[in-house]
Structure formats: structure tokens, C-alpha cells
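Chains as they are written, first to last, in the numbering used here: chain A, 19 to 751; chain B, 19 to 751.
There are 2 protein chains.
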Amino acid sequence: MTKLSTNDKNNPVFNPKNFIQSERASSKIQIDQINTFLESNPERRSLTHRLIQEITNDRTLETDTSYYDLTKTQQREITAKKISRLSLYMEHDIKTSRNNFDKNLIQNLQKNNNTEPILTTQDFAIFDKRLSLIANIDPQLSTRVGVHLGLFGNCIKGNGTNEQITYWLQERGASMIRGIYGCFAMTELGHGSNVAQLQTTATFNDTNNTFIINTPNLTATKWWIGGAAHSATHIVCYARLIVQGKDYGVKTFVVQLRDLKTFQLCPGIVIGDIGTKMGRDGIDNGWIQFNNVVIPKENMLCRFVQVENNGNGSVKVNIQPQLDQISGYSALLSGRVNMVMDSFRFGSKFATIATRYAVGRQQFAPANDQLGKQEVQLMDYPLHQYRIIPQIALVYLIAPISFKLMDTYYDTLNELYRVSTAKDEKALLTVSAKLKNLFISSASLKATNTWFVAQLIDELRQTCGGHGYSQYNGFGKGYNDWVVQCTWEGDNTVLSLSSAKSILKKFGDAAQKGKFNEKLDGDQFGYLDPNFIAEVYTNQVTANIEDDSDLTNFIQVWSIILVKSLIHIGKALKKNNNDIDSLSKLLVQISKFRAIYLMLKTYHEKLSNENESHITDATTKETMWNIFRLFSVYYIDKYSGEFLQMKLFKADDISNVIQPKLFKLMAILRTDCVALVDAFELPDNMLNAPIGFFDGDIYHNYFNEVTKNNPQETDGAGIPPYYNALTSMLSRD
Amino acid sequence: MTKLSTNDKNNPVFNPKNFIQSERASSKIQIDQINTFLESNPERRSLTHRLIQEITNDRTLETDTSYYDLTKTQQREITAKKISRLSLYMEHDIKTSRNNFDKNLIQNLQKNNNTEPILTTQDFAIFDKRLSLIANIDPQLSTRVGVHLGLFGNCIKGNGTNEQITYWLQERGASMIRGIYGCFAMTELGHGSNVAQLQTTATFNDTNNTFIINTPNLTATKWWIGGAAHSATHIVCYARLIVQGKDYGVKTFVVQLRDLKTFQLCPGIVIGDIGTKMGRDGIDNGWIQFNNVVIPKENMLCRFVQVENNGNGSVKVNIQPQLDQISGYSALLSGRVNMVMDSFRFGSKFATIATRYAVGRQQFAPANDQLGKQEVQLMDYPLHQYRIIPQIALVYLIAPISFKLMDTYYDTLNELYRVSTAKDEKALLTVSAKLKNLFISSASLKATNTWFVAQLIDELRQTCGGHGYSQYNGFGKGYNDWVVQCTWEGDNTVLSLSSAKSILKKFGDAAQKGKFNEKLDGDQFGYLDPNFIAEVYTNQVTANIEDDSDLTNFIQVWSIILVKSLIHIGKALKKNNNDIDSLSKLLVQISKFRAIYLMLKTYHEKLSNENESHITDATTKETMWNIFRLFSVYYIDKYSGEFLQMKLFKADDISNVIQPKLFKLMAILRTDCVALVDAFELPDNMLNAPIGFFDGDIYHNYFNEVTKNNPQETDGAGIPPYYNALTSMLSRD
């Protein structure tokens, strides 16, 4: 193996380091300030960096390019070891959060007569962040832990009584990944999106106060259950509650799958491995069938539904309809909120790789230099800028909304637990409305951004040409791991439609009945103020795309886009006899426009306020505003077909205003593009892609990783394992 | 393992077979006739079916779902065995083509004093088709053989003298995959698209009539060379011809890599394995460095370039500039032409899977049935139709152009060999112009269709929800294997730009100088007739999108789109000081519009002529025309932003004409969608995706394949290999 190099100065050898390092040096923007902006605030930023440092320097948790060569079996084995390692970090993180390094803290928390305060969201703040960062280097690992804590744990938190929460999560140890390991049995072979029609049954036996869990037919087989194939000891099972022959709909039940010591399957439990997937093979997704599995009555999670057996065949079922369903699905909220954060992190990774490669890679001589000695940097081609720079802007715009959504999620859930424990009916109504808004926003933000980032990975891979197709540069596994985010925990299309329909409903209430709750909806649905709708409707306000100096104007433009789109749909509905299904192509767009609006608005609010943005340097701030402008202009151009049809703009507005702006902004941002991705501050071992390493020594780095993972035979022979198949063919008679 | 089923008729068990089989039965269209249309003609159709039968029933060549579980090492080993098997089919196919089953035919062909006629394109017709069909079930296998025959072989055919062609391909046996196994060493670590700047050198030594091949620096390392890591004995090496210090540019040289018996690397050859890739891991892509490798003068392929050593230090280099470069790259033409055919085949596979799944899968009760007993078939949702049916239409439209392009390719190449052997200078000029047109058309058709099919696979995977993410349903590996087609053998962006620039040049000649060669350009560039351009320019013809009855009108509309787009670019160039790079976003679109135009035109010509279409049934023909209409309307809607900007249409045309047409056509075609994909006539073992099998028994088929590949432990235990990691974690102190 040889790193050939030359001393001949006249030989046109590439030196990508020169470009990357000199462009880095010449940029005037302050990447420290930007990183603080992107990481929300200085405290969070510092925690992020500490955790990344710990993750990428832990021999068990780190990943390098050898990761891309693992078989499914190896991935699963290594993932299990990593989970075990993470359980220790979790204890450590809880102790850090409490500032209590008493060696018995964890044991005390698990005690039945625990004297410590019970575990709160705050106690998990550090570990949740750790897990979210791990998702950026090893997504399957964070999913494995996420299914246990986020889905199993949150399902119990969302649907269990305080006693059940304390019992399962604390005494039994689930929250500390001790004692039991849980998974989340919602999806069936025949039902994914339509949870209300799941077919597994939980039939109450009033003679002995048990439930009998059954899989009535093949399509009722629980399917895709992460952790079920080999790891989980318990599940929360979504099953139809059947009491005295009556079907009360889908509720949640804790069911043990395996003996805790021997890992033997419990009686009546049949489990198999789902096998290989497009990505994330480190997760042992399984299928489960139940044959008369008996569980005690206490195993039904009964915060919002109770079965009261009064003896003598008198059984009463109480359901709190207002919250039953919404909280039933609240376990999924955590995943959706996290996927917006993942979109930021995953996007930042691939934007960094592609940008550094595009700055370092040269191809073709410029038109005015026929000597061909100095080939053009890819990033100097306007088309290449168009393929990369808006993707950088996208990642920047996802950052503030992802933190805001996460904060809203925790605030709302904490409020829900508090008021439902206090049984405050009026406060429950409010929190229920907030929860619904959170469903709408998280659905459209999850769907839109996981789609955008899937495109980002795919498009940026292509900008790296053949080297993007090498597994060692991360795009292949990155894409395969990523795209499941578009279909799981709420299929993107279904989420977009449901989010858009809710917005349409709110719009109808506002436009037709003048209904608008400023306190509840002012922040996220400000454009639905009836006065504003009337102004748009009567063209008293119109989208002004000329004015770049008034930055609130950009929000105004997207508010108008949203209202005009809603009016457009409203009219179409009237023409269409209210056949909403026929308008679903437009509804998916509404969900996207809404996400773009929220992203712009949140970024704008943060950057407008120096206390929030932490950006004091004027040049840096102007660059950040250019990112904001570019993002808006890029998506207006992208959806210009839709907007022109709605007569939001004139055709010449797009050709003569929007497109020239777009290319002008890209040319401006191109100067700082290395610094703009440096500002994500991702270390090389988080990027795990040699063509994107910090030093910019693209070709040596890439060559080194390839040869490290594929060492040449020491005798230089290279006789292949399939030598005989070849030689016997070539020498055949 | 258990296939649970129920006898309870009131239990809402899904029965997807019912839908698929009854929709199949009720369709009135003639799939036999359609299949003949798609497969070009009855003779080709019958050959296709015979070959598919042979491939899918050969124990060595067949693939089943276990294919998706293979490791890289296993893939490579199995691929080598398959190549060996294919070499026997190749001999068989040559004998069939010649109708000569003399057992010594192959040996005779290899003889130096061969008395048989030399091998021609016709001799390979059957085997080439076999290979193209294999690409649809095992793309890496066809690539492995394609690199040897298509790239190595065609490079020698395109650049070698008749003697060199006979020597390497016939006497040495390369054409029969005997004696030598070749690969194609063009790309380097530092240069992909810019072939003219490759850095490997071939320096002529006039004292002993040899070339010395060298890798001057790291980025000159040959990279991605398929077959180099372990298999190839020889390469064609693209290297700079240096004679007496002068650089004559990149030429081609045959270089031996390995000893034919021992497979030891030859002196000066350094080779390594590129390792794991996003897909196609069965291909042993390698890197190669040359350290003073000496080859005889005869190993330079010298049809269009000759080095004449007159002794005494007098060396003359002759180059036929007219054909040197274009034929130098002609090896790539075969790949591009094949990729259009691959687009048809790959597209047909995934369209079949997704359509059957969408017809069999139900989810959510209809709005008017709150009982939820009968859930809606996915294919009945208009949005789902929008996601699937235009993709079926796309595949239909690719079929005729892919056969036409293949025929044009063979005709043009045969003409080239003939006239360049005859040294007919005038005829060479004509064939050179034809070759250039072939480059333009194949570039835009390859780029556009490989992109469209990449989107098709991705979008159709998403329509299958979670089950699309299972590797056993083919989408994951299908996508990973596919997308390299977007960046290799001409990066799609680079090809699109180069194709569009050539079209723009022709347009300039036509519009400004009235130049138009009807004979040469009439078929593929008819819209560039100066009279037509003038009519469009002066709005004497305008795009009429109302009229659906006159089917030539659809071609007219796209002719106008093309001319208007070219005028639009011409104007922009003037404004822009001829800075063509700044318009490259538009140029990529031009290449797409041109491909769409050619596809519509070719389909139209074929379907208009009953002798060509073989479709006599009126209902079937009307359905085929609806496919044609849908395709046009779908892409007008898709690019409506661009078209509205060019003022090709009014905004209301899109909302009130195009979109209603689109949804109406989809609703009509929905009725026959099962039959439309049945008409691809792909057997289950070519689909290799249980949710798409013919009988429509989606859930049982899928469950069976999953459990077959992931058998449960016989003791039902399921103790995982990583048991200790889990139990020690769960029971830790």
C-alpha cells in the first residue's frame, strides 16, 4: 500500500487542504457565536460539546469507518454492548443532574419505600441529550434505547397512573435500564397508520381479574417491534379492551415476554425475527403472536380508563374520553419531536461533508484557461452552489425550531401529568388543546423535515460523485438509516394530511365564525387571526418579495402564502362537494408551507433578539440573515408552480426577482461556506467520512480509511477467495 | 412459527387476494398485446420470456429472498460462480445465434487461423439480452460481466485496429470470457468527469518500442475499477500518451495485471480493494497504481492514433482528430444505452410490487362507514393514485425509447466500424455526426431516466410504508444498487449539461443561421426546424393543452415547450454576458424536457402504427393512449413553475385544465392498474418481493419469506447471541 506523492511542482497535483484551510482562514464570521445560536444557548452548547467529547472518546461507543463493514450479526452484538455501556452513563447522568453521587442513589430510587424524590424529566435531561447526539453517529443504538425509554417508558408515563409509573419505571427499574427491558407493541402486520383498528385483543376475565391477550389472525401479528426479536423482557401491548363481549377500543397493557433470568419465552408467547432491513440492522425488530397469554388486571395502564369489577358479574368500564385517545398516542410525540432534532443533526453532518468536498474537489479547467493546469473548485459552479448552499440554510433553519419544539413538548407533558394528577378538569381542557396543537406542529415539522433531510442526503451524496457511493463516506448507510424516519411513528403522508386537516379546520373556524384563541394559537397560528385572513382575502395585504431589508416581511410573505393556500383549498372544496381526499396533494403542501413558516418565524425571533441569539458580531449577524433570506427565497422558487397557480405572484416575479436573489445570495454565502459548516462543530469521528474531515486532506484521508479497512495481502498476491471459480472458467475447454 | 388464521366471518380479516384477483379478472385490457408492445415485437418478446424462464430456473443464477441476507464476502463468492455459469450460457447463445452447435465452434473462433466468420454484434444479441435481463434480478452480476464485455470489450472495439480487436477479443478469448478477464481503468481518485485531465502516464521508450505506465501521484491512482480488486487479468488503461516529452492527451492501453495461472500481481502493479459500497457489493471494485510497468508498443489501441518509430530517435505520432476523442469514449455509450433499458426493467419491477400492494392493502374506514369493518384500499385514495399511477406511465413510456435507442446504437456503431475500416472519409464525417447525436440523446435519456427511476423506487417504497423498509421486499437493495446509475459512466448532472449545451448550439445554428439538416436531425431534433422555431417565436403556434383527441398535439406541446425553453435561455444568456454556467439549473431542465419529448414521440409513433404496436384491441389501445396522455399531463404539472415563468401557459391552465385532467386520467387508469402491471409479465422470482407476488396473498407470502430466512430456534427459546451483555446489564448492582 502506498501513498504516492510528487515533488514536481509543475505536476498539477491537487491540494484540497489549501482551499479548505485558506477559505476557513479568510472567513470573517464568528463560528463560536453561530454554534451557540445553533445549540440554543451557551449552557446547552457546552453540554453538547462535553457529551460529544465523551461519546466519541469512549472505546465502546465510538464509531469509525470499520462500522460500515459490520454484518447484521456484528451490528446487533456491538449494539447490545453499547446499550450496556450506556446504562452506566445513564446512572452517571442522573447523579449529575441531581448533583448526588451517593453510591446508593440508584438503589434507593428503586426501593419500594423510596425516600428520594421520584425521577423527573429534569433528571433525564442530560441522558436524553446524550442519546440524541448518539443518534448522529449510530442511529440504531439510539433507537434501541429510545424504544425502551421513549416508547415503552413514555407510554407508561402517558397512560399509567402515578402508582403504575412509579412501579414500572422506578421500582422495577425500567427508567434506569435495570431489571426489565421494554419494547413497544403497537404496529401489526395489517395495521400501521390506523391504530384504532388494531386487532390484538385483551379480554377481561371477571372471575379472576385477569386479561387474556390473543392474536386472532395473521394480520394481527405484532410486527416491526424493535427489541422484540431477542432483547425485550416486557412490552406495552396495544390491544382491544373487550369486557363482557363489548369492545372498548384500543388500550395499553404491560405484558411480560421472557423470563428475566433464562430469557426463555413466557407461555403463549410466540416470537420471531423480522430479519434484515434497508438500514438499522442493529435493531432486533421482531414479530409477536399471543396465544391466550394471561396478565393480571393491574397490567392495564389505567390513568384514563379503568375496569371496575364489582363482583357478581357486574363490571364497569370508565373512560375519560377527552384525554384517553390523545394521551394514548402521546408516546409517539417524543419520537416525532426527537426526529426534528435528528433532522438538524443529521443534516449538519452531511452538509459538512459535502461542503468540504465541494470546496476541496476540482474538476474541469475554467473556460478562460485552456491550459487546464488549475481546475475549478466544484463549489465555484453556480449549479453546485444551488445543490449545496440551500441545504446548509435548511439545517440552520431547523436548529431553532427543533429546540423550541423540544421545550414545548416537555412543558406540555409536564403540565399534563400535573393537572391530570390534580384532577383539575378546567386545566385539563387547556392542556388538551395545547397537546392537540403540539400534535399538529410536531406532525408537520417531523414529516417535512425528515423528507427534506432525506432529499438532502441523497442530493448531497450525488454532489460527491463516485466517492459519495463509497460506504466509507457515510452517505449510503446514512440514507438507509435515515429514510425509515419518513414512514415510522407516523407515516409522513398521513401526518401531513392530518396536520393540514387540523389547520384547515382552524382556518374554517376563524374565517367563517371569527373564532380565534390568541392565547392558545397566537404563537403558532398567528396567520389565522380573522382580521389578517380578511385582509389577505380582500388583497389589503399582498406578498412583497422585493423588500429584503424589513426582515419581518419574510414572515409576512409566508403568512400570506399560508392563508392564500387555505383560501385556495377552501374554494376547491366548495367546487368539489367537500371531497377532501381529492385535494390531498394540496394538503400535503399546506403542511410543508406551515413547517417552513414556523421555521422562519422561530429563526427570526431568535436572531432578532441578541439575548437569545448570542450573536453580537455584525458581519456574522448579516450572514445569518442571508441564510434566512436564502431559505425563504429557495422555497418560493421551489414551489413557484403552486404559488403561481394561486396567483400569489406573477410569473416575472419568480424569474426577475426571486431567482436573481437566490443566485446572488448563494454567491455571497459561498465565500463563507467552509466557516458555515465548521460552525456545526462536528468532530471528524462524528462525521465518520474521510472526504469531509476537518483538515481537508480529502484524498489522503479517504485513501487511508479504504486501505485500513481493506488491507492488502502481505505477500501482495491478491489471490481471491473465489480464485477457483475464475481460473476454471478462464481455462475451460 | 405459525400462520394464524380465523374462521370467524365477522372478524375483519384482510383478504388482499380477493381484490387483486377480482380486479385482474374484471379488467378488459389485453395484457398479451401490451406485453408485445412493451417488449418491442413478438420475436423479441418471445426471446425475453425464454431467457427469463432460463434465468429464474437455473439454480446457480436464480435469486430468492435469501439474497438480501448475504454478506459482502458471500455476494462476491456467489457472483464469481454466477459469472462462471454465465460463460457457458454465452457459448450456448453464440451457437444459437449462428445456429451452429459444432462442439469446436468456440475453439475454432479462438484459433489464429480462424476459418469461421469473426464474431459480430449479431452473435451477441441473445447473450446481451440475457445480461440485460439479469440486471433486473442481480444488477451486480450484470455489471461484473458488463465491465468485461461492455467496457473492456467495447473500448477495444472502439479504439483498436481490426487486428487488435481480433487478437484480444477473439484469439485471446475475451469475448467468450475465456483466457483473459478484463476491466476498465478510466476513473482516477482525482478525476472522474474530466477524462481529458487524467494523470496516469504512458511514456514511449523509443529504444525498445515499449510504453512505461506510471501513476505520478496519489490522485492519479485508478479508482473504482470494477473487477480490479480480485478478478481481472487485464485492463484497458486510460493514460496520457507522452512521446519524446510531448503530451498527446489521453489514449488507451491494454495492461496485464495478474499472472493468468497463479493470479499473482505482475511487477510494478499495486492493487487494493475499494471495500464496501452503498450497493452492488458483489463487484470487487479496486484501486490500481503503476510503478514503471512496461508494456509492448502493440498494446496501445491504435485505430485512431499511431506512434511510428522510424529509428534514430525519429518518432511520429499520427492522430485522426475527428474520431479520436469521440470513439475514445464510445465504450461508455454502451453503458448509457443499457441504462435506459435498465430504467424500463427496474421501473417495471417496483411499479408491479407497489401497485399490487396498494390494491391489496387496506387502511382506514371510508368516511361514510363508521363501523370500520371494510377499510379502504390504498389505491382508492386519490393521493395514492398520484403517487403510483404516473410511475406506471413512466415505465410504459421508457419502453419504446429504450429499444429504439438500443437499435440506433448498434446501427451507428456497426456503421462506424465499417466505414473506418474502409477508410471512407466522407462516410466517416456522417457517422461522426450520427455518433454525436447519439451522445446527446443517450446522455439526456440516461440522466433523466436514471433520476426518474431513482425517485420512482424511493417514492414507491414509501407507499408500502414499513413493509417497504423490509429488505425482503426489494426496495432497499434495489435503491442502493440503482442510484449508482445516477453518478457513474457519466454523472447525470454533467451529462445533462453537456447534452443541453449541444442542443443549445444546434438551436443557435438553426435560429440564427437557419442551419438544419433534416436527414440527420429530422427524427430526434425536429423541433429545431427554423420554420417551426420562427412560428413559436412569433406565437403563430401555441401550446394547446385543451385538445385531447388529436394525439399529435401532445408532441406539438412538448416541441413548443422545448423551443420556448431554448428561447428563454437564449434571452437569459444575452442578459447574462453569455455566462452559461449561471444558467445551468435551466440547462438541466432542458435535458429533461428533451428526454420527455423523445419518449412521447417514440411511444406515439409506435402506438399509432398497428404493425409496430401489435395492439389491435380498441379498449387496450385507448388505455395505452390514456397512459400517454397522463404522462404528458403529469410532467406539465410537475414542471408548471418553470412553464408558467416562461409564459407557456396561464396559471389557470394548470389549475383548471391540467390538474383536473391528471386526476381524471388517474381515476380511469386505476380500474386497470393490476392488469397494467401484470402486463410487464414479471414472474415472482424476478420481482423477489413477497408483497408484490402474483397471487396477491400479501401477508402470508411476506410472513413466509421472513420466517424462512429467520427461522425460530427449535426449542422456542430465542436466547440471543448477546444474552450476556443484556442480562449482566439488567441485573447489575
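Beta carbons are placed, not taken as given, at the ideal position from N, Cα and C, and that holds for glycine. Computed from a predicted model, the values in this text were never measured in an experiment.
Contact with chain B by residue i, beta-carbon distance below 7 Å
{"i": "residue 613 (chain A)", "result": "no"}
{"i": "residue 375 (chain A)", "result": "no"}
{"i": "residue 95 (chain A)", "result": "yes"}
{"i": "residue 457 (chain A)", "result": "no"}
{"i": "residue 420 (chain A)", "result": "no"}
{"i": "residue 663 (chain A)", "result": "yes"}
{"i": "residue 274 (chain A)", "result": "no"}
{"i": "residue 250 (chain A)", "result": "no"}
{"i": "residue 102 (chain A)", "result": "yes"}
{"i": "residue 237 (chain A)", "result": "yes"}
{"i": "residue 724 (chain A)", "result": "yes"}
{"i": "residue 470 (chain A)", "result": "no"}
Chain A contact for residue i (CB, 7 Å cutoff)
{"i": "residue 124 (chain B)", "result": "no"}
{"i": "residue 296 (chain B)", "result": "yes"}
{"i": "residue 701 (chain B)", "result": "no"}
{"i": "residue 212 (chain B)", "result": "yes"}
{"i": "residue 502 (chain B)", "result": "yes"}
{"i": "residue 358 (chain B)", "result": "no"}
{"i": "residue 672 (chain B)", "result": "yes"}
{"i": "residue 397 (chain B)", "result": "no"}
{"i": "residue 556 (chain B)", "result": "no"}
{"i": "residue 381 (chain B)", "result": "yes"}
{"i": "residue 743 (chain B)", "result": "yes"}
Residue range of the unbroken alpha helix (DSSP H) whose run includes residue i
{"i": "residue 68 (chain B)", "result": "60–74"}
{"i": "residue 181 (chain B)", "result": "180–183"}
{"i": "residue 282 (chain B)", "result": "Neither: residue 282 (chain B) is in no alpha helix (DSSP H) and is coded neither H nor E."}
{"i": "residue 441 (chain A)", "result": "No alpha helix (DSSP H) contains residue 441 (chain A), which DSSP labels as neither H nor E."}
{"i": "residue 705 (chain A)", "result": "702–705"}
{"i": "residue 157 (chain A)", "result": "157–164"}
Boundaries (first-last residue) of the beta strand (DSSP E) holding residue i
{"i": "residue 501 (chain B)", "result": "Residue 501 (chain B) -> no beta strand (DSSP E), and no H or E assigned at all."}
{"i": "residue 255 (chain B)", "result": "252–261"}
{"i": "residue 314 (chain A)", "result": "311–314"}
{"i": "residue 337 (chain A)", "result": "333–337"}
{"i": "residue 305 (chain B)", "result": "304–308"}
{"i": "residue 327 (chain B)", "result": "323–327"}
Identified DSSP bridge partners for residue i
{"i": "residue 293 (chain B)", "result": "Paired residues: none, contrary to the question."}
{"i": "residue 271 (chain B)", "result": "B:255 and B:318"}
{"i": "residue 288 (chain A)", "result": "A:307"}
{"i": "residue 276 (chain B)", "result": "B:283"}
Residue i beta carbon near the ligand ZN (any heavy atom closer than 6 Å)
{"i": "residue 464 (chain B)", "result": "Absence of the ligand ZN is noted for the structure shown, with no ligands found whatsoever."}
Note to self: If contact is defined by three or more beta carbon pairs under 8 Å, each pair taking one atom from either stretch, is the segment 144–164 of chain A in contact with the segment 127–135 of chain A?
What the structure shows: Put simply, the segment 127–135 of chain A does not touch the segment 144–164 of chain A. Fewer than three CB pairs are less than 8 Å apart.
Item checked: At least three beta-carbon pairs within less than 8 Å, the segment 237–250 of chain A to the segment 161–171 of chain A -> yes
Item checked: Residue ranges of each alpha helix (DSSP H) within the segment 188–242 of chain A, 4 or longer -> none
Next item on the list: May I have a chain-ordered list of the alpha helix (DSSP H) segments no shorter than 4 residues that lie completely inside the segment 510–582 of chain B?
Entry: 510–531, 536–539 and 548–555
Note to self: List, from N- to C-terminal side, the alpha helix (DSSP H) runs of 4 residues or more that fit wholly inside the segment 626–687 of chain A.
What the structure shows: 628–631, 636–656 and 658–663
Notebook entry, point to check: Can you give, in chain order, each stretch of the alpha helix (DSSP H) that sits fully within the segment 83–141 of chain B and has at least 4 residues?
Noted result: 90–116 and 123–128
Check: Is the segment 392–401 of chain A close to the segment 358–378 of chain A, with three or more CB pairs under 8 Å?
Finding: Yes, the segment 392–401 of chain A touches the segment 358–378 of chain A.
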